[in-house]
Amino acid sequence: MKYFVERALASLLLGVLALGSSAHAQRTERVVKANIPFEFSADGRVFPAGNYSLVRTTPVLLQLRDAEGHTLTTVVTNSVESSNTPASPRLQFYSDGGRHVLTQVWQENDSIGQQLQVARPLTKVAKRKHSKHVQTAEVTKPQ
Numbered sequence: 082m083k084y085f086v087e088r089a090l091a092s093l094l095l096g097v098l099a100l101g102s103s104a105h106a107q108r109t110e111r112v113v114k115a116n117i118p119f120e121f122s123a124d125g126r127v128f129p130a131g132n133y134s135l136v137r138t139t140p141v142l143l144q145l146r147d148a149e150g151h152t153l154t155t156v157v158t159n160s161v162e163s164s165n166t167p168a169s170p171r172l173q174f175y176s177d178g179g180r181h182v183l184t185q186v187w188q189e190n191d192s193i194g195q196q197l198q199v200a201r202p203l204t205k206v207a208k209r210k211h212s213k214h215v216q217t218a219e220v221t222k223p224q
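All residue numbers for the sequence shown refer to the working numbering, where the first residue is 82 and numbers rise by one.
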């Protein structure tokens, strides 16, 4: 009887490990590559114009990586939904006085995007103004 219980527990453990590794394998990173032609900020840090990758590692985490693939910052995001599904990846920036703040990242053919938290002073300025200035950046499909 002891042998049977040990064998059943071992089989159960192996099954759980196999399912866990297959679930991890199914979770793929979603990448948006962009050539951002202006200085911008994300997560309170300022980055120069250039080529970047934005990688969704989990539904709520987004990594900003440089052209060499080094992670520059990781931000927590909220989901945002649109009735207009973008045909290609899209980055959205809030612009005010020459400053550009990354606010949203949209994957190709996905009606749910990621919204980054905007710093409080910029949020107050945006609420005072009736029109929002939105910039986009050229985005390429991952290869």
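Backbone N, C-alpha and C define an ideal beta-carbon position, used for all residues, glycine too. Being a predicted model, the structure only gives us computed values, none of them experimental.
Three-way DSSP call (helix, strand, coil) for residue i in this model
{"i": "residue 192", "result": "coil"}
{"i": "residue 154", "result": "strand"}
{"i": "residue 115", "result": "strand"}
{"i": "residue 165", "result": "coil"}
{"i": "residue 198", "result": "coil"}
Delimiting residues of the beta strand (DSSP E) encompassing residue i
{"i": "residue 132", "result": "131-139"}
{"i": "residue 177", "result": "171-177"}
{"i": "residue 185", "result": "180-187"}
{"i": "residue 123", "result": "121-123"}
6 Å CB neighbourhood of residue i in its chain, flanking five on each side removed
{"i": "residue 189", "result": "169, 170"}
Cβ distance (whole Å) where residue i is taken to contact residue j below 8 Å
{"i": "residue 147", "j": "residue 133", "result": "6 Å"}
{"i": "residue 139", "j": "residue 196", "result": "Their Cβ separation, rounded to whole angstroms, is 15 Å, which puts residue 139 and residue 196 out of contact at 8 Å."}
{"i": "residue 181", "j": "residue 110", "result": "Not quite, the Cβ-Cβ distance comes to about 25 Å (not below 8 Å), so this is no contact."}
Sequence-distant residues of its chain with Cβ nearer than 7 Å to residue i (five each side left out)
{"i": "residue 117", "result": "130, 131, 133, 218"}
Exposure label - residue i; buried when at least 16 CB within 10 Å
{"i": "residue 184", "result": "buried"}
{"i": "residue 137", "result": "buried"}
{"i": "residue 48", "result": "Look at the range of the chain in this structure, 82 to 224, and you will see that residue 48 is not part of it."}
{"i": "residue 127", "result": "exposed"}
{"i": "residue 194", "result": "buried"}
{"i": "residue 186", "result": "buried"}
Own chain residues within Cβ distance below 8 Å of residue i, not counting five before or after
{"i": "residue 191", "result": "166, 167"}
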